[in-house]
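I have placed the structure first, in the form of C-alpha cells, so that the comments after it can refer back to it.
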Amino acid sequence: MSPFIVILTIALYFALLFLVSWLAGRRADNAGFFTGNRRSPWYVVAFAMIGASISGVTYVSVPGMVTASSFGYLQMVMGFIVGQLIIAFVLTPLFYRMNLTSIYQYLENRFGVSSYRTGAWFFFLSKMLGAAVRLYLVCLTLQLLVFGPLGVPFIGNVVITMLLIWLYTFRGGVKSLVWTDSLKTLCLVVSVVLCIYYIGKALGLTAGGMVQTVADSDLSRIFFLDDVTEKQYFWKQFLAGIFTTIAMNGLDQDMMQRNLSCRNSRESQLNLMTSIVLQFVVIALFLSLGVLLYLFADSRGITIQHSDELFPLVATGGYLPVVVGVMFVVGLTSSAYSAAGSALTALTTSFTVDILGTRGQDEQQTARRRNRVHIAMAVLMAVVIFLIGILNNTSVIDAVYTLASYTYGPILGMFAFGILTRRRIRDRYAPLVCLIAPVLCFVLQQNSEAWFGGYQFSYEILILNALFTFIGLLLTTRNKRR
C-alpha cells in the first residue's frame with residue numbers, strides 16, 4: 024500500500040472529523056468543554072462509548088494476541104460487564120447528585136485537599152502514560168506506512184500527530200467528542216466487518232464457514248480454569264476485569280466526562296448498560312478477525328516477529344484488495360486519534376479544574392487558562408510518546424494494563440474507602456499511602472513466583488494495589504466518623 028494512498032485516506036478522514044467537530048463545538052463554552060452542558064442524548068453517548076473504549080492498541084493488538092491467549096481476553100471482558108454495572112448503579116448516581124465537573128472533586132468533599140490533589144495527580148500520570156502508550160503504537164504503524172518511506176523522522180511523525188489532535192479538540196471538548204467518537208465507532212465497526220469479509224473470501228469461506236472455522240480453531244478457547252498460577256486463569260482475569268473497568272472507566276475523568284454529559288443519572292445508566300453489551304460484541308469480532316488473520320498468514324507463508332505486526336502486515340501488504348488496507352488505515356486512524364483527543368480533553372479538564380483550580384475566575388479567565396493548559400498537555404504528550412519510542416520493550420496492550428494496575432490502584436482504593444466507609448482520615452497522609460501501595464505491589468509482583476510456589480500476578484495486581492491503599496487509609500483514620 025503506497026504512502027500516497029495512506030495520506031489521502033487520513034486526509035479525507037480528518038476533513039470529515041474536523042467538520043463534525045466544528046459543527047458540534049462551534050458554540051461551546053467552558054461548560055460545553057468540560058461536561059457537554061449535560062445535554063448529550065444517551066443513545067448517542069452509548070454508540071460513541073464503543074469507539075471510546077477501543078483504542079489503537081485494541082485495534083492492532085487484540086487480533087494478534089489470540090496466538091498467545093486465544094479468546095481468553097473475553098474472560099476479562101466479562102468482568103468489564105460487571106464493573107460497568109457497578110459504575111452505572113453506584114458511581115453515576117453519586118456523581119450526578121454532587122453535580123461534579125471533575126469526579127476527583129468527590130475526594131475533596133469526602134477527605135480534604137491533599138486527597139483531592141493526590142487523586143488528580145495519579146489520574147494525570149495514569150492518563151498521560153496510558154494515552155501515550157496507545158498513541159505510540161499508532162505513530163509506529165504510521166511511521167512504517169507513511170512517514171518512514173517519505174523520510175520523515177519519528178519525532179516529526181509525533182509532532183504532526185499531536186498537532187492534528189490538538190486542532191480538533193481545542194474548541195469543543197466533550198461537546199465535540201461525543202459526536203466525533205460516534206464517527207469513530209462507525210468507522211471501526213465498518214472497517215473490522217469489511218476486513219473479516221475480505222479475509223474470509225480470500226480463504227474461500229462463506230459467512231457460515233467463517234463462524235465454524237473460528238469455533239473449531241484451537242485459538243478460540245475462552246475459559247482457562249486449569250492452573251491458578253497462570254496469568255490466564257479465569258478468576259484472575261474476571262476479577263481484574265471488574266476492578267479494571269471500575270478504575271479505568273468509572274474513576275477516569277476521560278471516560279466519565281462522556282457519561283456525565285447525559286441529561287440525568289437515569290439516561291447515563293442506559294448509556295452504560297447499552298455500550299458494554301455492544302463493546303463485548305465488537306471485541307469478539309476483533310478476536311475472530313485474529314483467528315482468520317493467522318489462518319490467512321499460514322496459508323500464504325507470511326511470518327511475523329511480533330503479534331502486533333500481523334494485522335497491519337496482512338491488511339496493507341498487498342495480499343488483499345486495496346479497500347482492506349484503506350479500511351485498516353481508517354479504523355486505525357479513527358480509533359487512535361479519537362482516543363488521544365479524548366485523553367487530551369480529560370487531562371486539560373482535570374489539570375485546569377483539579378490542580379490549578381478555577382474558583383474565583385470568570386468565564387474568560389477560565390477559558391484562557393484552559394487553552395494554555397490544552398497546549399501544554401499536547402506538548403507533554405508528544406514528549407512522552409517520543410520517550411516511549413526510545414524505551415519500549417514490551418507488548419503495547421500488556422504495557423497499558425500494567426501501567427493501569429499501578430497508577431489506577433490508589434485512585435480505586437481512595438474511592439472505595441470513601442464510598443464503603445464513613446470514617447474520616449488524616450488527609451495529609453493520603454499522598455504517602457498512595458505512594459507506598461504501588462511500591463509494595465511491585466515488590467510482590469517481582470517475587471511472587473519465588474514466594475508463592477510459582478504464582479504469577481497478572482492484572483489482578485490492581486486489586487492488591489487498591490487493597491493496600493484502603494488499608495493504609497484505614498490506619499490513618501481519626502476516632503470520629505463522618
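Per this note's numbering, the very first residue in the sequence shown carries number 24; after that it's consecutive.
Ideal Cβ positions, reconstructed from N, Cα and C, are used throughout, including at glycine.
With fewer than 16 other Cβ atoms from the protein chains shown falling within 10 Å of its own Cβ, H329 counts as exposed.
Rounded to the nearest angstrom, the Cβ distance from I188 to L367 is 6 Å, consistent with a contact under 8 Å. Classified as buried, N272 has 16 or more neighbouring CB atoms from the shown chains inside 10 Å of its CB. With a cutoff of 7 Å on beta-carbon distance, F134 and D450 are scored as near each other. Excluding the 5 residues flanking it on each side, E472 has same chain C-beta neighbours closer than 7 Å at Y478, Q479, in chain order. When DSSP states are grouped into helix, strand and coil, I448 belongs to the strand group. Counting along the chain, the unbroken alpha helix (DSSP H) around M151 starts and ends at 136 to 165. Taking a cut-off of 8 Å for Cβ pairs, the region 224 to 240 and the region 386 to 394 do not touch, as fewer than three such pairs fall below it.
Look at the beta carbons and you see the region 301 to 310 not touching the region 168 to 186: under three pairs across the two are nearer than 8 Å. Contact between the region 482 to 490 and the region 426 to 437 is present, with at least three C-beta pairs closer than 8 Å. A363 and L158 have their C-alpha atoms some 7 Å from each other.
By the criterion of a C-beta distance shorter than 7 Å, V169 is surrounded in its chain by P26, V29, I30, once the five residues flanking it on both sides are discounted. Non-local C-beta neighbours of Q98 in its own chain, meaning closer than 8 Å and more than five positions away in sequence, comprise I245, F246, F247, Q255, F257, Q260, F261, G264, ordered along the chain. In the assembly as shown, Q276 is a buried residue. Its beta-carbon has 16 or more other beta-carbons within 10 Å. In this structure, DSSP gives T500 an extended state, which the three-state scheme calls strand.
The three-state reading of DSSP puts S63 in strand, counting E and B together.
Here the alpha carbons of D250 and V345 stand approximately 44 Å from one another. The beta carbon of T192 is closer than 6 Å to those of G364, L367, T368 in its chain, skipping five residues each way along the sequence. Burial of T115 is indicated by the presence of at least 16 other C-beta atoms within 10 angstroms of its C-beta.
If only complete runs of 4 or more residues are kept, the region 199 to 276 shows the alpha helix (DSSP H) at 230 to 239, 257 to 268, in order along the chain. Nearest Cα to D377 within the set S137, A111, T90, C464: S137.
Between V89 and L242, the C-beta spacing is below 7 Å. Rounded to the nearest whole angstrom, the C-alpha separation of S288 and V304 is 25 Å.
For S311, the uninterrupted alpha helix (DSSP H) segment begins and ends at 288 to 323. Beta bridge pairing from DSSP links C285 with S63. Of the residues I269, Y66, V161, I306, the one whose Cα lies closest to the Cα of V201 is Y66. Remark: C-beta atoms of T499 and C457 do not approach each other more closely than 7 Å. The criterion of a C-beta distance shorter than 7 Å is satisfied by S358 and Y82. The beta carbon of T141 lies closer than 6 Å to those of A453, P454, C457 in the same chain, with the five residues before and after it left out. Judged by their CB atoms, T32 and V237 are not nearer to each other than the 7 Å cut-off. Secondary structure at L31: helix, using DSSP grouped into helix, strand and coil. Boundaries of the alpha helix (DSSP H) harbouring Y96: 96 to 109, taken from the DSSP string. Inter-residue distance for R323 and A91 is about 21 Å (C-alpha atoms, whole angstroms). T381 carries a coil assignment under DSSP once its states are collapsed to helix, strand and coil.
Each residue's CA atom was taken as its position, placing S76 and I299 some 9 Å apart. Take the alpha-carbon of M233 and the one of Q128: they are about 49 Å apart.
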